[in-house]
Amino acid sequence: AEPIKVAGIYTVPVEQQWVSRIHVAALAAKDRGDITYTFSENTSNTDYPRVMREYAEQGHKLIIGEIFGVEAEAREVAADYPDVAFLMGSSFKEDPALPNLAVFDNYIQDASYLSGIVAGAMSESGNIGMVGGFPIPEVNRLMHAFMAGAREMNPDITFQVSFIGSWFDPPKAKETAFAMIENGADMLYAERFGVSDAAKEKGVLAIGNVIDTQGDYPSTVAASALWHFEPTLDATIAKVRDGSFTAADYGVYSFMKEGGASLAPFGTFEGKIPQKALDLIASRTAAIKDGSYEVEINDAEPASS
Amino acid sequence: MDILEILFSASFWAAAIRIASPLIFATLGELICERAGVLNLGIEGIMVAGAFSGWIAVWAGLPLWGGVGVALLTGMGFGLLHATLSVPFGLSQHVVGIGLTLLATSLTFYTYRVVLPEVSSPPKIDAFQPYEIPFLSDLPLFGPALFSQTPLTYAAFVLAGLCAYTLYRTPLGLAVRAAGENPSAVAAQGLSVTAIRMGAVIVGSGFMAVGGAFLTLSAFDSFFFDMVNGRGWICIALVVFGAWRPGKAVLGAILFAAFDALQIRLQQTGIGAVVPYQLFLMLPYILSILALVVMSRRAEVPAALMVPFNKGER
Amino acid sequence: MASDKMAAAPGNAPVLRLQNITKRFGSVTANDDVSFDLFPGEVIALLGENGAGKTTLMNILFGQYTADGGGVELFGAPLPPGAPRAALDGGVGMVHQHFTLADNLTVWENITLGVEPLLGFGLRAGPAKARIRALAEQFHLKVDPNAKVSRLTVGERQRVEILKALYRDARILILDEPTAVLTPQEADALFATLREAISLGLSVIFISHKLHEVMAISDRVLVLRHGRLVAERLTADTDSDELAALMVGADVVPAKFAANTPGPALLQLRDVTTPTIGAAPGLQRVSLDLAAGQITGLAGVSGNGQAALSDLISGLISPQSGSLVLNGGDIANWTPRKAITAGIGRIPEDRHKTGTIADFDLTENAILETYATRFSHRGWLDWRAARDFAKTVIAGYDVRCPGPDTRIRLLSGGNMQKLILGRVLEQAPQIILANQPVRGLDIGAVTYVHEQLAKACARGAAVLLISEDLDEIMQLSDVIHVISEGRLSPGFARGSKQPEDLGAWMAGHGFDTPQTEDGHAA
Amino acid sequence: MRLEPIAAPSWQRRLMPPALALLATFAIAALLAQIAGGEPLSIFGLILTGAFGSKFALLETLNRATPLIFTGLAIAVAFRAKLWNIGAEAQLYAGAVITVVLGTGALSLPAPLLLPLLGLAAMVAGAALLLGPALLKTRLGVDEVVTTLLFNFIFLLFVSYLLEGPLKDPMGMGWPKSPRLSPEARLPRVVDGLRLHWGFALALISAVAIWVINTRTTLGYEMRAVGQNAEAARFAGIPVTRVILKTALLSGGLAGLAGYSEVAGLKGALTLDLSPGFGYTGIVVAMLALLHPLGVVFAALFVAAIFVGADSMSRAAGVPSYLADIMLASALLLMVLAILLSKFRLRRD
Ligand SMILES: Nc1ncnc2c1ncn2[C@@H]1O[C@H](COP(=O)(O)OP(=O)(O)OP(=O)(O)O)[C@@H](O)[C@H]1O
Ligand SMILES: Nc1ncnc2c1ncn2[C@@H]1O[C@H](COP(=O)(O)OP(=O)(O)OP(=O)(O)O)[C@@H](O)[C@H]1O
Ligand SMILES: [Mg+2]
Ligand SMILES: [Mg+2]
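Protein chains in written order, with my numbering: chain A, 3 to 307; chain B, 232 to 545; chain C, 120 to 641; chain D, 8 to 356.
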């Protein structure tokens, strides 16, 4: 079939972890010949609606992106282009009155929770450092899930939480991580680039988030919670193709049971993770997949404990 | 940890020196420009360009010091552009600076995207590693803080000394300082104000770029967009804070970095739980302003700063 | 002293030869086919009205401008144009009309600037300072090599400028209005230095508007008018009157000053002390009466509190202690605006920096002090009235300019000064502060300014004339005070003191002894 | 070499350099597009259509110019008095914050009353933010370039705190974002369905107002005098400190209006990325306009057109979108050079 014209609009460069997952999925679909794909990165929210309109005017059939900062305006654009499907990262729910705009988010708390189990099991000091960019829901919920997982292994564990006030300042994230290590952390939650580097340099462990960074830090990153955008995108492409695309919350496609999230292979840490943790991970994975266990979704700002 | 404990830990000071290093390079660069009479607002963009070019050069196979050299040259290139527009043509230094920051930043991002079109995570290089200076690094407190840094940090301090020496103890330094104070004094002694000012801007811009490269070659090991994150603007403040003197400017950079390091650590203390994190992030800026207020009376601003010199006009 | 210097005989080879120099700035021809020779040990005085082209000619010789036509030969070899470096290396030293010193450097640093190769290591401070001290000794140029220039007085700066030239072994010394900012004593010291230099074979080109100086120091006088060399005289064969006439192109009649009968004191200073700011001394318990219909002269070496007195009367500073009494009443919250409304007309010392705004046109400059009171209605400016006022001033005070819309930057100093004078006098001020009102002006302009001050006085205004030119003070003033280190001498009636007596007061003598009422030392 | 003013430049002399500058900018863009694998020759048309090609494009250009006119005026006013206000970014946010604080229900007034009130409040907020650095300058001699620059960082962190704390939208799903303005607090749109709003008209009115102030009022005269020569102004009895403070209030107020116009006109709510550097671009605009208030309007339109056009072109031509910023920067640098060369000639000397 004719490939679908798809455009991506991102407010950050495509290297950013979150967006990179969308970008990679889109590139894969493009390589399969399902879609044609073009994108704009680093688009400020001021320009965002204009870029949406432009892509719509150019005849793109599906526009993916993130409208966390421009919810209302983006919806206005969608209303003006009813023939274009919009799949947008959003903290809000779908609106039945706007059938051509569906929402998604990286609901990978399942995987974060599992990675937390690894962290809790492997931290000897019971002190875990967490470095975040901004305390927004997307970050908060994963941190909470991670913390819940870690507490499963060690209820007395303490967490240091810091926000660096930037999405992209690896040297600063690294400095913050250093400070946490000085302060007793032997396990870091690497929400930002830079944290694993500090862990590697100081010989402590780290847990990856959204992407698998073990390749870069083979003896540092013990586990990673991965987000896979492919299920979300593939479902969308199918629905656009058969004309059944409609307002919906595609967030569920990020759930583990949909294949939208997973714990990365342990790789170099195979065999180093305590059996007790592996057992819990196995049972919880199964429970999550069959729906008998649900990881709590908590969007509140996490605090040090 | 309480504040005192933090302040007396070597690792805290080590962090402060580390955070200060890129600022020292760039502040010295800006200081040289301003001493010669040119406000270089291109600093932020030049740092971005330096961070990228140094890193990409190493990624492409050059040794680390080669990367530093490439960054230096890149900075000098942008410096040449700034100097040409602001010195012989005497265009507004505000416009040229802001324009150059925009140009250097966007050109860097563009080049990055053209060179690395489809990466989801930028490649890493083997960055500078800390080098413990024998004996010195064993000193209590100072050893780990001062003498267990990466070679590029040592270079920053050497450069500071070199700048101070050049400015105050060499004929060239005299000429640069005079050019920023009263260019006609320089011209009347048969020297070319244009050449001196342009030279200062070019060399100063080179140092700024090395400051940027510190971020990718020493503080971190790959390049990200927005990595410089306003550090250039801080350096403009540091020059004023340092009253246009290299020694004071270095102290200012360390002080600023210390507040940054402190703010990171304070977030983990008891107050960190109650005080919004933004307040901690503000701390270095607020204290900079307070320090400026205290220092303001005594600073001697180069009299011809931002004043173009044109032989034909009076 | 000049006649024995006829060694400037044609037989000797000239050290410097200017040939057919022409220089145009846009439509203005600043130098028009100027040629002359300078001989070893000779002093040439270059005379001309403001804007006659003297500075331009010297700038061409020094390589700061490039001539449109003609050439310069130095010691028989052609001098490459537009290269100050070549001129310096060829032995030309220039003391510019405006000082060219970097305030943030020390004296020795300023002097050695650019002498050693720029890319060399280290500065040999020791030998440099030793040499400066030796030169200072030899040429009576007392100055501390380690002093920062920002701390120097005007006279000291002038010495540094000359040392700069001597340090480079200059064979030809160009001095562009070197005495314009000097006290008589300083000027005398400068001449002593010059004579020393001449005796060692240096040649000098000397620019000045002060004819008695020209008569005293030069061997030969060249007169420029509108860029052309219009006359050449041996100093021995001419006199001041002829030179003045040559410059202006017509005879000059100096202003006449009749002795006035004083009226009541309009402004009184009672025991006023003001703070010392930096190197500038404040006033020390100064009492002074400015009486109606009388010119009060203030003599003194610059930097002895004149600035403080002038700032005080202008409204820029308030007394620290003591009081200011205006028409019999004390004044509080003293500001420039208050001073203006109180009828004080102020002619500032520095017309470029304080008197005018260079990029404002004449209209805007004319209303600078009165825009708020005379030309505004509820915050709106009445430009038509302002322009008319500017035209009145231009016409009434002989301001030579293309029109009220010209930027004042383009006017010569004399015309700028006339505009300031006009804007002040048009307010019919009862008290006039005239701080160095004729500094740097040519004879024609000087006469004009003096006449205007005399007229104001005649209609009953109280005038305070501050000047470092003792001749001017003695010529104009009904009463003379001397200021030294912030202290004020008693008033001396016209003709009651000789220049030497005043000079002694200026040097600080007489202040410590108790005074009798009439101002004579007991 | 030196620059010599041309007494009466001919119209060719005036127009040639800017035209060449524009051409050179396009040439640079074409070259870069070629390097990135784009089609160099097509970009000219794409930029033009991107900026002006449709009603939508044109209005988008006007839209983007709106905040730039405000910040450009803010900078022009301040720079003319030699008050180096680099903090328009923060002042813009101050205006936006107060608009949101008062416009989300705190004041329930009908639109014709509420809108002017909000605008006034935004001006006060922006002005208040510049007053601090201005006082530090006049009272203590602290360099305002640095203080206003640092204030940008401080105030943005403060906004970030507000958006995560007291000003956070309870319905915002935890995202740092303010509640939406009530409908009465929204500036109406000029054309239904498109984003252009009456903030643009307000910007034009402001430009004319500043022009009138500059040329016709005592304040304008005072501001110019202080900027050109503060010492002479003080001597002449102009209350220099008061004039600087008034200038600061006016400048900050204009920047505050930019925030008001963006929130009340365009966004309807406040986020931390309300402004992609409008405060800094305002400097570019003001300098391109040679600090002339009416020139600011044209400069803002020029900058907006380049940006919108080139941004759109980069998408259509499939080259990295950073090309737009490159074009903007080159256009700025080449244009100021061209403006200079249309008034001066280079002479060997
Ligand atoms: N840089 C310049 N640009 C344009 N015109 C100039 C410049 N310098 C001088 N002129 C012109 O040259 C003429 C001569 O000026 P110059 O400064 O040489 O006069 P001067 O004889 O030194 O006067 P003064 O006695 O006031 O010092 C002036 O009328 C002026 O119009
Ligand atoms: N940049 C310039 N452009 C055009 N003309 C100039 C310029 N600078 C000076 N001039 C001209 O040079 C002449 C002399 O200028 P100058 O500044 O030497 O005046 P002056 O009479 O010496 O004043 P003062 O003695 O107060 O400094 C004036 O007639 C003025 O028109
Ligand atoms: Mg002259
Ligand atoms: Mg003169």
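All residues carry an ideal CB built from backbone N, CA and C; glycine is no exception.
Note that the structure is predicted; figures quoted are calculated from it, not measured.
Amino acids of chain C, ordered along the chain, whose beta-carbon sits closer than 8 Å to that of residue i
i: residue 413 of chain B; result: 219, 220, 221, 222
i: residue 235 of chain D; result: 476, 477, 478, 479
Cβ of residue i within 8 Å of any chain D Cβ
i: residue 337 of chain B; result: yes
i: residue 547 of chain B; result: Because chain B here runs from 232 to 545, residue 547 of chain B falls outside it and cannot be looked at.
i: residue 257 of chain A; result: no
i: residue 320 of chain B; result: yes
i: residue 74 of chain A; result: yes
i: residue 264 of chain A; result: no
i: residue 317 of chain B; result: no
Under 8 Å from the C-beta of residue i: neighbouring residues of chain B
i: residue 167 of chain A; result: 508, 509, 512
i: residue 170 of chain A; result: 455, 456, 457, 458, 460
Residues that residue i contacts on chain D, provided the C-beta gap is smaller than 9 Å
i: residue 671 of chain C; result: The requested residue 671 of chain C is not part of the displayed model; chain C covers only 120 to 641.
Chain B within 8 Å of residue i, Cβ atoms only
i: residue 281 of chain A; result: no
i: residue 142 of chain D; result: no
i: residue 325 of chain C; result: no
i: residue 41 of chain A; result: no
Continuous beta strand (DSSP E) stretch holding residue i: start and end
i: residue 191 of chain A; result: 189-192
i: residue 39 of chain A; result: 37-42
i: residue 232 of chain A; result: Taken as a continuous stretch (DSSP letters only), residue 232 of chain A belongs to no beta strand (DSSP E), being part of the alpha helix (DSSP H) at 232-244.
i: residue 619 of chain C; result: Segment 618-625 is the alpha helix (DSSP H) holding residue 619 of chain C; no beta strand (DSSP E) there.
Residue-level contact to chain A via CB, residue i, 8 Å cutoff
i: residue 187 of chain D; result: yes
i: residue 164 of chain D; result: yes
i: residue 233 of chain B; result: no
i: residue 67 of chain D; result: yes
CB contact below 8 Å: residue i versus chain C
i: residue 293 of chain B; result: no
i: residue 145 of chain D; result: no
i: residue 228 of chain D; result: yes
Under 7 Å by beta carbon: chain A residues contacting residue i
i: residue 250 of chain B; result: 177
Under 8 Å from the C-beta of residue i: neighbouring residues of chain D
i: residue 323 of chain B; result: 294, 343
Sequence-distant residues of the same chain with beta carbon closer than 7 Å to residue i, five excluded per side
i: residue 133 of chain C; result: 156, 157, 158
i: residue 298 of chain B; result: 285, 286, 288, 289, 444, 448
i: residue 531 of chain C; result: 169, 170
Where the alpha helix (DSSP H) through residue i begins and ends
i: residue 158 of chain D; result: 151-171
i: residue 599 of chain C; result: Run containing residue 599 of chain C: none in the alpha helix (DSSP H); it sits in the beta strand (DSSP E), 598-603.
i: residue 18 of chain D; result: 18-42
i: residue 571 of chain C; result: 562-577
i: residue 221 of chain D; result: 206-223
i: residue 249 of chain B; result: 241-266
Neighbourhood of residue i by C-beta, 8 Å cutoff - its chain only, sequence neighbours within 5 removed
i: residue 167 of chain D; result: 183, 279
i: residue 477 of chain C; result: 471, 526, 527, 528
Heavy atom of ligand 6 within 7 Å of residue i beta-carbon
i: residue 147 of chain C; result: With respect to ligand 6, the structure shown offers nothing to examine, as its ligands consist of ligand 1, ligand 2, ligand 3 and ligand 4.
Interface residues of chain C facing residue i [CB-CB closer than 7 Å]
i: residue 224 of chain D; result: 498, 499, 500
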